[in-house]
Structure formats: C-alpha cells, structure tokens
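Enquirer: One structure follows; several queries about it will come next.
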Amino acid sequence: MAGFQTIPWRLISGVLGVMCLVLMATLGMLWKNSFTKPSIQPTPSPGPNLEPQKDSSCQKMWIGYQCNCYFISNEMKTWEESKDFCASKNSSLLQLQNEDELDFMNHIRRWYYWIGLSYNKKHSAWLWEDGSALSQTLFSFPQTVNIQNCIVYSPNKRFLNEPCRKEMRFICKQLI
1 MAGFQTIPWR
11 LISGVLGVMC
21 LVLMATLGML
31 WKNSFTKPSI
41 QPTPSPGPNL
51 EPQKDSSCQK
61 MWIGYQCNCY
71 FISNEMKTWE
81 ESKDFCASKN
91 SSLLQLQNED
101 ELDFMNHIRR
111 WYYWIGLSYN
121 KKHSAWLWED
131 GSALSQTLFS
141 FPQTVNIQNC
151 IVYSPNKRFL
161 NEPCRKEMRF
171 ICKQLI
C-alpha cells in the first residue's frame, strides 16, 4: 500500500517539474526579448522630441528642432565660460526668436540656464549675443533688473538676472 501512495506524488512532482521548466524557458525568452530592439518603430508624438537626434545634422548629444541644434548642459559654468564653450562648438548661447522656440524650450528640465542675453552699456539696452535687440512682445523682464547681471531662463518662461560670475547650466544654439 505504501508504494501505491507514492505514485500520485511522483505524478504531481513530475507535472510541477515540467511546469517549472516551461516557466523558466518563458522567462528566458522574455529576458532575451527585453534586451533586443523592437522591429516596429514608435510613432512620433506631437510636440518636440528632447532625445538627441541621430538622423539630423546635429552633433552628438545635441537636440534638433526646426532649423537649429540645441545643447542643454548639465555642467555648471559662468556666463562668460558658457559663452566660450558654445563658441568652441560653433554655436552661441541661446537666443529666443519666436513663440514656437519659447514653447520648445518649456519642455526642458526644471533648472535655470544661461542664455545669450546681456546688457550692452554702449547701446543702453539688453541685447542678444549677435547684437539684436530683445523682443518685448516675446517676453518681458521684471522691473528690478540689475544691468550688471546676466540673464538666466527657466522652462516656465521665467527670466531672472544673476551675477554673471555665478555658475549655472547653459543652453547653446547652432543654426543648421
């Protein structure tokens, strides 16, 4: 009678062993598939893509948008060092030219960034690096702007003035 009772347990353990092997094989296939790229390309979502563009004519780690390439730094530099870095990459600090570009910039991280706007004493005006005037219709400054400072931009369309020697992140812009 003792031998008769072991047969159901052998059957149960055999079934459980087979199930374990099937589950392990399934897990192995899922694991393998998780490390391979899907053959179906995702459809682009509306709005800007902030991933570096491989197919564009932008440098590695730059973001392509319309006819420009943008470099959004994680490194902290003074305004002058930021300007020099951008120049070394054949670009300039960000110059916002229209509402579309301003909306595009609102999708970046939540820090303040140096942009290419500073006070020109000779012209007694805030000018972009290329010498063009600031558009008052695109955005306005707070009333208390220190002309000794440089301008930082935040993705929520905020512009603040900070001492130019302060280290901040920065955005470079390059025309394609």
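Position one of the sequence shown corresponds to residue 1 (the UniProt record's numbering), numbered consecutively onward.
Where a beta carbon is used, it is the ideal one built from N, C-alpha and C, also for glycine.
Predicted model only: the values in this text are computed from it and were never measured.
#1: Please work out which residues of its chain come closer than 8 Å, Cβ to Cβ, to Thr-6, disregarding the five sequence neighbours upstream and downstream, and give them in chain order.
#2: Which value, in whole angstroms, describes the spacing of the CA atoms of Asn-149 and Leu-30?
#3: Got a sec? Which residues, its chain only, sit under 6 Å from Ile-147 by beta carbon, not counting five neighbours each side?
#4: Is it buried or exposed for residue 181, if we count other Cβ within 10 angstroms and need 16 for buried?
#5: Would DSSP call Trp-9 helix, strand or coil?
#6: On the three-state DSSP scale, how would you describe Gly-14?
Expert: Answer, in terms of the structure:
#1: none
#2: 56 Å
#3: Tyr-119
#4: The chain is shown from 1 up to 176; residue 181 falls before or after that span and cannot be answered.
#5: helix
#6: helix
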